[in-house]
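Asks:
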Amino acid sequence: MAELPDKGTAFIDWYLAVVEAADLTDKRYPVKGMNVWTTYGFRARRNLDAVMVREIEATGSEAVEFPALIPANEFAKEKEHIKGFDNEVYWVTKGGATPLDVPLVLRPTSETAMYPVFAMWVRSHRDLPLNVYQIVNTFRYETKTTRPFVRVREIHFFEEHTCQVDEDHATERVRSNLGAFRRMAEAFCLPYLTTRRPDWDKFAGAHYTIAFDIPLAGARTLQLGSVHHYRENFSRPYGITYEAPDGSQRHVHQTTFGLSERLLGAIVAVHGDAKGAVFPSAIAPYEVVVVPILGTDSGPGPIQTAEAATDRLRRAGRRVRLDAGDERPGAKYYRWELHGVPLRLEIGRREAEGRSVTIVDRLGRKGTVPLDRLETGVAERLADFDRALRERARTAFAGSVTPARVLDDLKDSVTVRLVGWCGSEECGHQIETAIDGALLGTLEEALPNPLEAPTRCIACGTSDGVRSAIAGRPM
RNA sequence: GGGACUGUGGGGUAGCUUGGUCCAUCCUUCGGGGUUCGGGACUCCGAGACGCCAGUUCAAAUCUGGCCAGUCCCA
Numbered sequence: 019m020a021e022l023p024d025k026g027t028a029f030i031d032w033y034l035a036v037v038e039a040a041d042l043t044d045k046r047y048p049v050k051g052m053n054v055w056t057t058y059g060f061r062a063r064r065n066l067d068a069v070m071v072r073e074i075e076a077t078g079s080e081a082v083e084f085p086a087l088i089p090a091n092e093f094a095k096e097k098e099h100i101k102g103f104d105n106e107v108y109w110v111t112k113g114g115a116t117p118l119d120v121p122l123v124l125r126p127t128s129e130t131a132m133y134p135v136f137a138m139w140v141r142s143h144r145d146l147p148l149n150v151y152q153i154v155n156t157f158r159y160e161t162k163t164t165r166p167f168v169r170v171r172e173i174h175f176f177e178e179h180t181c182q183v184d185e186d187h188a189t190e191r192v193r194s195n196l197g198a199f200r201r202m203a204e205a206f207c208l209p210y211l212t213t214r215r216p217d218w219d220k221f222a223g224a225h226y227t228i229a230f231d232i233p234l235a236g237a238r239t240l241q242l243g244s245v246h247h248y249r250e251n252f253s254r255p256y257g258i259t260y261e262a263p264d265g266s267q268r269h270v271h272q273t274t275f276g277l278s279e280r281l282l283g284a285i286v287a288v289h290g291d292a293k294g295a296v297f298p299s300a301i302a303p304y305e306v307v308v309v310p311i312l313g314t315d316s317g318p319g320p321i322q323t324a325e326a327a328t329d330r331l332r333r334a335g336r337r338v339r340l341d342a343g344d345e346r347p348g349a350k351y352y353r354w355e356l357h358g359v360p361l362r363l364e365i366g367r368r369e370a371e372g373r374s375v376t377i378v379d380r381l382g383r384k385g386t387v388p389l390d391r392l393e394t395g396v397a398e399r400l401a402d403f404d405r406a407l408r409e410r411a412r413t414a415f416a417g418s419v420t421p422a423r424v425l426d427d428l429k430d431s432v433t434v435r436l437v438g439w440c441g442s443e444e445c446g447h448q449i450e451t452a453i454d455g456a457l458l459g460t461l462e463e464a465l466p467n468p469l470e471a472p473t474r475c476i477a478c479g480t481s482d483g484v485r486s487a488i489a490g491r492p493m
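The opening residue of the first sequence carries number 19 in my numbering; numbering runs sequentially from there.
1) Does DSSP put Lys350 in a helix, in a strand, or in coil?
2) Among His289, Leu22, Ser128, whose alpha-carbon lies nearest the alpha-carbon of Leu234?
3) Excluding the 5 residues preceding and the 5 following Arg63 in the sequence, name in chain order all residues of the same chain whose CB lies nearer than 8 angstroms to its CB.
4) Can you tell me which of Leu124, Glu80, Arg61, Arg215 puts its alpha carbon nearest to the alpha carbon of His247?
5) Which first and last residues belong to the alpha helix (DSSP H) in which Asp427 is found?
6) So Ala284 and Leu240 are in contact, right, with Cβ under 8 angstroms, and what is the actual spacing, rounded?
7) Taking the alpha helix (DSSP H) that Glu38 belongs to, which residues open and close that run?
8) Among residues of its own chain, excluding the 5 on either side of Val82, which ones have a beta-carbon nearer than 6 angstroms to its beta-carbon?
9) Between Val306 and Leu331, which are expected to be in contact by the criterion C-beta below 8 angstroms, what is the C-beta distance as a whole number of angstroms?
10) Should Gly294 and Val123 be called a contact, given that it needs their Cβ atoms to be closer than 7 angstroms?
11) Which same chain residues, not among the five before or five after Gly317, have their C-beta less than 6 angstroms away from its C-beta?
12) The alpha helix (DSSP H) that contains Cys445, what's its start and end?
13) Is there contact here, the stretch 298-314 with the stretch 353-367, by at least three beta-carbon pairs under 8 angstroms?
14) Does the beta-carbon distance from Glu11 to Gly223 come in below 7 angstroms?
15) Sort Ile311, Glu345, Arg337, Leu340 by Cα distance to Arg368 and report the nearest one.
16) State the beta-bridge partners of Glu172 as determined by DSSP.
17) What are the boundary residues of the alpha helix (DSSP H) that includes Gly372?
18) May I ask whether a heavy atom of the ligand SAH can be found less than 6 angstroms away from the beta carbon of Ala342?
19) Could you please give the first and the last residue of the uninterrupted beta strand (DSSP E) stretch that includes Tyr256?
20) What's the call for Glu178, buried or exposed, on a 16-neighbour Cβ count within 10 Å?
21) Check each candidate in Leu425, Ile453, Asp219, Cys445 and name the one with the smallest Cα separation from Thr433.
22) Check whether the Cβ atoms of Arg383 and Trp439 sit closer than 7 angstroms, and answer yes or no.
23) Tell me which residue opens and which closes the beta strand (DSSP E) that Met52 is part of.
24) In whole angstroms, give me the CA-to-CA distance for Ile258 and Asn91.
25) Please classify Pro298 as buried or exposed, where buried requires at least 16 neighbouring CB atoms within 10 angstroms.
26) How should Glu334 be labelled, buried or exposed, when 16 other C-beta atoms within 10 angstroms of its C-beta is the threshold for buried?
27) Rounded to whole angstroms, what is the Cα-Cα separation between Leu428 and Ala287?
28) Would DSSP call Asp119 helix, strand or coil?
29) Expressed to the nearest angstrom, what Euclidean distance is found between the alpha-carbon atoms of Glu172 and Arg339?
30) Return the residue from the list Val270, Ala115, Ala40 that minimises the CA-CA distance to Arg141.
31) Name the DSSP beta bridge partners of Ile377, please?
32) At what residues does the beta strand (DSSP E) containing Arg141 begin and finish?
33) Compare the beta carbon distance of Arg491 and Ala237 with 7 angstroms and say whether it is the shorter of the two.
34) Is Leu389 closer than 7 angstroms to Arg405 when the C-beta atoms are compared?
35) Once DSSP output is grouped into helix, strand and coil, what is the label at Ile476?
36) With Ile285 as the anchor, note down where its alpha helix (DSSP H) starts and where it stops.
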């Protein structure tokens with residue numbers, strides 16, 4: 019089997035090799051930016067969705083699903099929004115051979131599909147808050163190079179849309195979303211940055227945008243998702259109003275929360291190593307792979323013990339794969355490491371006779387669990403694996419964000435930088451020019467590894483109103 | 001949006017400059033047999049490709065044009 023490219027020096031090549039060799043996607047589908055979800059990749063995606071659903075529903079959101087096609091006139095109602103997406107939407111202009119009177123947009127996101135309907139759903143303050151989400155595919159005509167999971171044209175998209183009685187309640191919803199994402203990221207074992215985007219980089223139509231990013235090697239950053247506060251920017255053009263207790267008609271304040279399969283790309287990018295993918299247990303297509311070690315003289319013990327162990331773990335709700343194929347154990351070890359399975363159970367004659375299994379995690383830590391407490395032993399090992407993975411990611415994160423004091427410092431950044439910023443657009447652009455990237459925004463939540471807060475703007479030197487900001491080079 | 005380059009079995013490749021020696025090379029993969037099996041086994045047999053459509057030519061993987069797909073650079 020071929021060696022993987024080096025993650026440190028050829029990151030993109032490494033990433034592409036891993037997602038392909040680990041059978042997460044088939045990118046041979048002949049349309050740019052549209053890849054096939056393989057059985058293994060689909061398992062990971064389903065687990066990812068399950069975490070998102072669990073956490074968002076815990077905050078009082080309910081699932082809905084809106085159609086994929088949006089009439090052009092509805093799409094065009096909010097001026098900034100249409101401007102932001104005009105160049106990257108797919109149009110449906112014919113039904114069969116008949117040109118459509120009103121062309122249809124294939125949703126790039128669903129504000130303009132949902133909000134005309136929200137206007138009908140929301141009548142009274144008693145209908146609020148309206149918190150709904152959907153997980154659907156959206157389409158954006160990306161012109162840049164597409165990459166599996168990270169930049170695609172057909173996006174597996176999670177989007178929550180809410181209507182609140184006023185600005186403060188919408189702000190609260192934004193906070194709630196930040197909390198939900200924090201709990202999701204805990205399951206993904208991913209440390210991340212939370213920043214408020216500069217005005218020139220906020221979502222099309224938003225009052226403000228808070229985004230989650232992860233730092234990668236070479237000052238690169240990858241956006242994982244975002245939360246937007248829309249104020250009344252959409253409720254006015256779409257006429258989403260309610261009758262308040264005092265009898266007045268008011269516009270709702272809206273928020274959205276968006277995530278995508280890019281999270282899967284981030285998980286591969288952050289946790290993966292020289293041996294391939296590494297999945298946190300919540301996402302892993304299989305949490306455990308059982309490898310019986312068979313020999314001519316081993317008798318039926320190993321295979322029977324392995325089958326029994328697999329069966330017991332399944333009954334305990336674990337995702338388990340028994341690999342009883344006719345290969346040498348070493349070949350199986352390499353394959354399942356490449357596929358990122360957290361735990362491997364080895365069961366040979368020694369284990370079958372000793373009533374215990376050898377258990378090795380994806381970080382290479384080896385141990386033994388007695389068969390009579392297999393279920394709890396595996397559960398403990400998985401929790402311990404997640405802890406270690408989280409710790410490893412946090413250490414890498416700490417080395418990927420460093421402070422910079424002067425503009426010149428930014429030029430040859432090999433990490434994402436923490437800088438002081440006075441908030442002016444002019445200084446912001448100077449920072450972006452200096453790092454040859456972007457000012458992601460001001461820190462909205464503390465870094466996982468707190469750094470000393472800057473006291474002066476890195477561009478103009480003022481100490482008035484200086485905030486901690488993050489600069490990097492978005493992928 | 002502008003420019004450059006690339007396309008050969010499932011994956012990676014040789015061949016293309018100078019058309020013929022190519023019913024296309026090698027590695028890997030896949031199917032079957034046998035010996036194996038505690039970190040990528042060996043062996044035997046078999047399967048599988050010139051992106052698509054035109055054109056030039058006695059002859060096209062090789063030259064020309066269009067299309068499709070991909071990569072990179074610049075805005």
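By construction, the Cβ of each residue, glycine as well, lies at the ideal position given by its N, Cα and C atoms.
Replies: Looking at the coordinates:
1) Lys350 falls in the helix class under three-state DSSP.
2) His289
3) Trp55, His174, Glu279, Leu282
4) Arg215
5) 425-428
6) 6 angstroms
7) 29-39
8) Val150, Gln152
9) Taking 8 angstroms as the upper bound for CB-CB distance, Val306 and Leu331 are in contact here, some 6 angstroms apart.
10) no
11) Counting only Cβ-Cβ distances below 6 angstroms, and skipping sequence neighbours, we find nothing.
12) From DSSP, the alpha helix (DSSP H) with Cys445 extends over 443-453.
13) yes
14) Residue 11 cannot be examined here, being either before or after the span of the chain that is shown, 19 to 493.
15) Ile311
16) Phe157
17) 367-372 is the extent of the alpha helix (DSSP H) around Gly372.
18) Of the ligands one can find in the structure shown there are none, so the ligand SAH has no counterpart to examine.
19) Taken as a continuous stretch (DSSP letters only), Tyr256 belongs to no beta strand (DSSP E), being part of the alpha helix (DSSP H) at 253-256.
20) buried
21) Ile453
22) no
23) 52-55 is the span of the beta strand (DSSP E), which, as asked, contains Met52.
24) 17 angstroms
25) buried
26) The sequence given here places Ala at residue 334; Glu does not occur at that position. With fewer than 16 other Cβ atoms within 10 Å, it is exposed.
27) 24 angstroms
28) strand
29) Between the alpha carbons of Glu172 and Arg339 lies a gap of roughly 30 angstroms.
30) Val270
31) Its beta-bridge partners are Leu363, Gly385.
32) It is not in any beta strand (DSSP E) - Arg141 carries neither H nor E in the DSSP assignment.
33) yes
34) no
35) coil
36) 280-289
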